[in-house]
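Below is one structure, written out as structure tokens; comments come after it.
In my numbering, the protein residues as written are 5 to 362.
Dropping the structure here:
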């Protein structure tokens, strides 16, 4: 992109902060005050979905010019860059999977390869492919047991490093399986092909996605309440099928995630354009440019510090501590990004990736 849309980076910053809150909650502990738990749980599945949709938007913005001009040389260069980036993220994600089993980066690598296959496809094909992946998933669950390999009490995956376990986790029942999670990136890729500088389009996208999100939330909640008749076990079972929880990623969750992602991104574009000189937004804009660095840092540094201090207490901290620590870490990320980009163009991990893919 010759001219960055600051709202995209603002949305990316918010997505990373949301992921930090969710991941610190899961790893450090989530028992405590109900309103703090509700606040942290509001980001479950939504922050990660937005992060993936934004990656699709980024790939579209990277390739739009070459595609519109049918520039075969630029397209070839873009394909090579995307393939290298996919391989880089796949390797980086797997490199610390032992300490962070919920990594999303190695899944990213495969999502991006799917984008590569559909790079020159028309918008209808891209959307239909995304929808097909979403609707295919319930059929797969009908054939295979979603719980295979899992201990959901400890979130351990027993046979991850076996051939069958690795590919089952990657494509079917991992934290962010290729089927159907690639649909998030495909929708982002489609969205990035639209005129994101058009106020009319962005406002329309915001209202349609926001209303869709609200309608899905209400219908899901009412359906579960009506069908369960107050039975706790039935509520739990129905929540997995027609709820908006990310595991398993059934169609209700997927469409809900797409709706909230487009809503957040559209809102950030509108706000970023209207308040382009606001210091907080400019700081978030810089934070979004270092999103990959902060994703890696929140695992290695953020979680690593707490584990080094008291490894035996991991998972047993109160939710108040988990959320407070996540917010403090996020503020430090914002301050670091503001300082770092004063004299540099890329974040540390982004710089390494740029050197490799060039």
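Heads up, the beta-carbon is just placed ideally off N, CA and C, and yes, glycines get one too.
Assign residue i to buried or exposed, taking buried as 16 or more other Cβ atoms, counted over all protein chains shown, within 10 Å of its Cβ.
i: residue 6; result: Confidence at residue 6 is low in this model, with a pLDDT of 43, below 50, so the placement of that residue is unreliable and no value is reported for it.
i: residue 186; result: buried
i: residue 299; result: buried
i: residue 39; result: exposed
i: residue 146; result: exposed
i: residue 316; result: exposed
i: residue 16; result: buried
i: residue 34; result: buried
i: residue 102; result: exposed
i: residue 134; result: buried
i: residue 226; result: exposed
i: residue 18; result: buried
i: residue 268; result: buried
i: residue 332; result: exposed
Note down the Cα distance separating residue i from residue j, rounded to an integer number of angstroms.
i: residue 149; j: residue 182; result: 17 Å
i: residue 132; j: residue 189; result: 13 Å
i: residue 360; j: residue 83; result: 15 Å
i: residue 30; j: residue 51; result: 14 Å
i: residue 365; j: residue 91; result: This structure leaves residue 365 out entirely; the chain is present only between 5 and 362.
i: residue 48; j: residue 346; result: 33 Å
i: residue 11; j: residue 108; result: 23 Å
i: residue 260; j: residue 222; result: 11 Å
i: residue 197; j: residue 88; result: 22 Å
i: residue 69; j: residue 75; result: 8 Å
i: residue 352; j: residue 105; result: 23 Å
i: residue 245; j: residue 231; result: 12 Å
i: residue 348; j: residue 339; result: 14 Å
i: residue 312; j: residue 329; result: 15 Å
i: residue 192; j: residue 218; result: 20 Å
i: residue 110; j: residue 79; result: 24 Å
i: residue 294; j: residue 344; result: 9 Å
i: residue 126; j: residue 354; result: 30 Å
i: residue 175; j: residue 228; result: 28 Å
i: residue 54; j: residue 233; result: 33 Å
i: residue 8; j: residue 356; result: 21 Å
i: residue 179; j: residue 252; result: 9 Å
i: residue 170; j: residue 164; result: 5 Å
Please report the residue range of the alpha helix (DSSP H) in which residue i lies.
i: residue 355; result: 352 to 361
i: residue 92; result: 76 to 99
i: residue 41; result: 38 to 45
i: residue 209; result: 203 to 232
i: residue 50; result: 50 to 72
i: residue 329; result: 323 to 344
i: residue 316; result: No alpha helix (DSSP H) holds residue 316; DSSP gives it neither H nor E.
i: residue 133; result: 127 to 147
i: residue 2; result: Shown here, the chain extends from 5 to 362; a query on residue 2 therefore has no answer.
i: residue 108; result: Note, residue 108: premise wrong, no alpha helix (DSSP H); not H, not E.
i: residue 237; result: 236 to 246
i: residue 102; result: Here residue 102 belongs to no alpha helix (DSSP H), and DSSP marks it neither H nor E.
i: residue 191; result: 182 to 196
i: residue 249; result: First-last for residue 249: undefined, no H or E at that position.
i: residue 14; result: 10 to 32
i: residue 168; result: 167 to 172
Tell me, to the nearest whole angstrom, how far the beta carbon of residue i is from that of residue j; I am working on the premise that it is less than 8 Å.
i: residue 119; j: residue 86; result: 7 Å
i: residue 155; j: residue 162; result: 7 Å
i: residue 28; j: residue 306; result: 7 Å
Going by the CB atoms, is the gap between residue j and residue i shorter than 8 Å?
i: residue 57; j: residue 270; result: no
i: residue 326; j: residue 24; result: no
i: residue 290; j: residue 342; result: yes
i: residue 323; j: residue 44; result: yes
i: residue 21; j: residue 285; result: no
i: residue 254; j: residue 141; result: yes
i: residue 139; j: residue 130; result: no
i: residue 220; j: residue 263; result: yes
i: residue 273; j: residue 215; result: no
i: residue 113; j: residue 93; result: yes
i: residue 152; j: residue 177; result: yes
i: residue 117; j: residue 310; result: no
Check whether the Cβ of residue i sits closer than 7 Å to any heavy atom of the ligand PLP, and report yes or no.
i: residue 192; result: Questions concerning the ligand PLP fall outside what the structure shown contains, since it holds no ligand whatsoever.
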